[in-house]
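Numbering (the numbering used here), first residue to last: -4 to 933.
Written out as structure tokens, the structure is:
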């Protein structure tokens, strides 16, 4: 046997054809060491190189994977590398030896056979052992002890056989053949190589002369060794192939299990990082490695960003790989999966040193829509560990699942809902009608199962039974049960909704109706198509939304109140400016009448009419100010008749021309304890409702006032809670359509309205009732269908003293004192200066409160009286008065304002005001107030 032949083949297969010079030199040195001629050494070296190169050529590119392939690969190796490749070197060698006189020509054939057989057995024994040792992973430590024990036993048996050697003992060597097979089965290439090396040593330990027939025994030994090697490696190859098949089957099972586990993991992992961590871990488990990573493709740069890593990739989070560089960059660029099993020798190997330990890489793209959003890479770092097409196919399927998971991670809630709906649907197919009834009964909403064609009730739950009690709903028309009195809540309207649901899509509506128990409610009805028991059905879900409607009504009322407050503030501002204008108009007109023309002048009549118009404008401004007040807390005597007249004058322009309003006052005392704003609200609501009751037709609204004394007995119904005494009876009567008794009973309920939805809040009459109660009275209603409605208020009157008579018309009082007049309106300052100067006063007018305070602070004793406006830029009139009081406490101060209510009695007492004058100014009264203030009579 010639072991160098096996060594040469193994070196060229493992290292490549470039190592042939080393084979040539080695063979030549061996020949010289054996004291052969130079020619023989060159011939032997050349033959050895040719033999090794021919073996590499015949085996092809997969020759390195011999040990990890199958029995078919062993047969291929035996045919090409063992049997065929030595033929040419054997012929060259035998011929060369004959030419070199080292072999006689008659012995050339014998030399050829010996050379060929020696090289063939040498290749078969040595080459697979060397390639297996180099390419395969070293066995674990736990394998070595039983392996060495088996080899020791094998060697011991062989030595025993050798010790029995005689001329016939060579046949005993074939007894060792089963041990070779056992070793190959148990330890694959390691067992086969070990057993074959032991057999080779034992076979050639015996001397040929001890056995006789040298050539025959040599041939038998070589045949035995070759047969043992072939059998051992064939069995090892078959077992390797079987192991690989079992590994493939196991991997497929593991892959299926991993997919199932991943599907479960997807449901429980919403965060993307947790999802990707699971993906990488499961992929590594699937391909039996500890190294892997997931790279997300940057849409802008195309770079791959390492998001999650395991093993050698764990510390590389955030690592960026350029597009087209390495396996990850290449897969991310072209979107195609790939396997690289000799990574360090691959031309596209990543130059970074962090990847120096990588042996094999498999990468698959993670597509989304038409783009690659990520790359999943799995890595082997152990020598000899490679990936195959099964790994690629499995990981590619795995990558498709990851692609779905990538999208589903962002839509986790929708997926969970869909899965839940699917589970519920599957369960619904298996449950009976009893289970469906239990489910419906457990719902808090009222559920009605309706026939899709007729709309009749087929089934209801417990909540629906309670809603419809005491009436039985089964078999009835659904909207017949819940029909209202007016559109859009009639049975015909309901049938239209049902038709839209069955022909188009689900319908949702708010529905006003009266339940069988007599309670009027707001309901929300949701109609949904459903298929139950292979029949078209409609599920009607009904919820009571009274509380929601009440909340919406309160919210709308608050919004309306805010609008009214804003409008009131605007009206107050307009009235304030209008008062200043009226002050100038009335003041200058009075001055002209008083000083510039005689009483019998023709223009005096016209000027008197100007004054009359100014006073009417003044009354209108007072009405606007009353409207602008947000509410008065203090109660005081108020003349109801005057308030009623103001409201009627105010509403006359807004009512239709077909509506006539009459006011009849038969009361001797029309004063009550209240405030004008509350009374305005009462009359506004009563008259507005009465006008709406006429529904645009011609009619009359009668407002009447009368006194009525209530005793302890014999009172009309509804007045029992009132104390005995005198009351003012206020009645508002219309001749509209009237109301039925059910509506009359509920007229004062909050949020109850007879108007179409959206046209009223249902708070007007409730407000009237509440205000009357706070005034110490009551509100009653009387109505008959077709005969109109009468709302009557009984309000306790209050007896007041006769009001002071207006100041007598006296000549304008004159004076001589020094007066400081402060107002930001130039018309009023000019009027005041002219008027007060004509009366003899020394007047200084200023249009800035801050300048006035500065002027006064220089010489507080220079002025005898200060007259100031309330609202001015900078300091207000109240702030100016407070500052003046700190400089001089005894100076009289008169405050002018368009609305006297803006100065409370407490403020007037605190600032010791000499008077509060309402605009527009009446010059005669103004002159008297000035004189009294200077005389300190106020």
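Where is the CB? At the ideal position from N, CA and C, for every residue including glycine. What you are looking at is a predicted structure, and each value in this text was computed from that prediction instead of being measured.
According to the Cβ coordinates, are residue 85 and residue 103 closer than 8 Å? no
Once the 5 residues before and after residue 921 are set aside, which same chain residues still bring their CB inside 7 Å of it? 912
Should residue 450 go down as buried or exposed, given a rule of 16 or more other Cβ atoms within 10 Å for buried? buried
Taking residue 897 as the reference, which of 914, 883, 886 has the closest Cα? 914
Within 8 Å, strictly: CB atoms of residue 677 and residue 656: no
Report yes or no: do the stretch 275 to 284 and the stretch 366 to 382 share at least 3 C-beta pairs separated by less than 8 Å? They touch, by the three-pair rule.
To the nearest angstrom, how far is it from the Cα of residue 773 to the Cα of residue 717? 8 Å
Residue burial classification, residue 918 (beta-carbon count within 10 angstroms, cutoff 16): The residue in question, residue 918, is buried, as its Cβ has 16 or more Cβ neighbours within 10 Å.
Could you pull out every unbroken alpha helix (DSSP H) segment of at least 4 residues lying fully inside the stretch 647 to 720, listed in chain order? The qualifying runs are 671 to 688.
Just checking my contact of residue 909 with residue 887 at CB under 8 Å: how many whole Å lie between their CB atoms? 4 Å
3-residue-minimum beta strand (DSSP E) runs that sit fully inside the stretch 258 to 341, ordered along the chain: With a minimum length of 3 residues, the continuous beta strand (DSSP E) runs that stay inside the stretch 258 to 341 are 286 to 292, 299 to 305, 333 to 335.
With residue 775 and residue 713 assumed to form a contact (beta carbons below 8 Å), what rounded beta-carbon distance in angstroms separates them? 5 Å
Helix, strand or coil: which one does DSSP assign to residue 548? DSSP places residue 548 in helix when its eight states are reduced to three.
Pull up the DSSP beta-bridge partners for residue 950, would you. Missing from the structure shown is residue 950; the chain here goes from -4 to 933 and no further.
Beta-carbon separation of residue 322 and residue 335 under 8 Å? Yes.
Exposed or buried, what is residue 999 when buried is set at 16 or more other beta-carbons lying within 10 Å of its beta-carbon? There is no way to answer for residue 999, as the model of the chain reaches only from -4 to 933.
Just tell me which of 453, 192, 352 has its CA closest to the CA of residue 470. Closest option to residue 470, Cα to Cα, is 453.
Expressed to the nearest angstrom, what Euclidean distance is found between the alpha-carbon atoms of residue 398 and residue 348? Their backbone Cα atoms lie some 30 Å apart in a straight line.
Using the three-state DSSP reduction, which class does residue 816 fall into: helix, strand or coil? strand
Given a cut-off of 8 Å on the beta-carbon distance, is the pair residue 643 and residue 537 in contact? no
Which of the three DSSP states, helix, strand or coil, is assigned to residue 608? Of the three classes helix, strand and coil, the one that applies to residue 608 here is helix, per DSSP.
If you draw a straight line from the alpha carbon of residue 685 to that of residue 779, how long is it in whole angstroms? Distance between the alpha carbons of residue 685 and residue 779: 14 Å.
What's the C-alpha gap between residue 934 and residue 464? There is simply no residue 934 to check, as the chain begins at -4 and stops at 933 in what is shown.
Taking a contact to mean a Cβ-Cβ separation below 8 Å, would you say residue 530 touches residue 522 in this structure? Cβ distance not < 8 Å, so residue 530 and residue 522 don't count as in contact.
In chain order, which alpha helix (DSSP H) runs of at least 4 residues are fully inside the stretch 363 to 421? 384 to 405
Taking its Cβ as the centre, do 16 or more other Cβ atoms sit within 10 Å of residue 123, making it buried, or is it exposed? Buried, because 16 or more other Cβ atoms sit within 10 Å of the Cβ of residue 123.
CB contact flag (residue 297, residue 332, <8 Å): Result no, Cβ atoms of residue 297 and residue 332 do not sit closer than 8 Å.
For the structure I just gave you, are there three or more beta carbon pairs, one from the stretch 687 to 694 and one from the stretch 725 to 739, closer than 8 Å? yes
If I measure Cβ to Cβ from residue 744 and keep anything under 7 Å in the same chain, skipping five residues before and after, which residues do I get? Excluding sequence positions up to five before and after residue 744, its CB lies within less than 7 Å of the CB of 761, all in the same chain and listed in chain order.
For residue 871, which three-state DSSP category applies? coil
Simplified DSSP assignment, three categories, for residue 532: strand
Alpha-carbon spacing of residue 934 relative to residue 561, whole angstroms: This structure leaves residue 934 out entirely; the chain is present only between -4 and 933.
Going by CA-CA distance only, name the one from 155, 74, 738, 674 that's closest to residue 514. 738
Own chain, CB closer than 6 Å to residue 146, minus 5 neighbours either side, in chain order: 189
May I have the straight-line CA-CA distance separating residue 788 from residue 633, to the nearest angstrom? 16 Å
Label residue 501 either buried or exposed according to how many other C-beta atoms from any shown protein chain fall within 10 Å of its C-beta, with 16 as the threshold for buried. exposed
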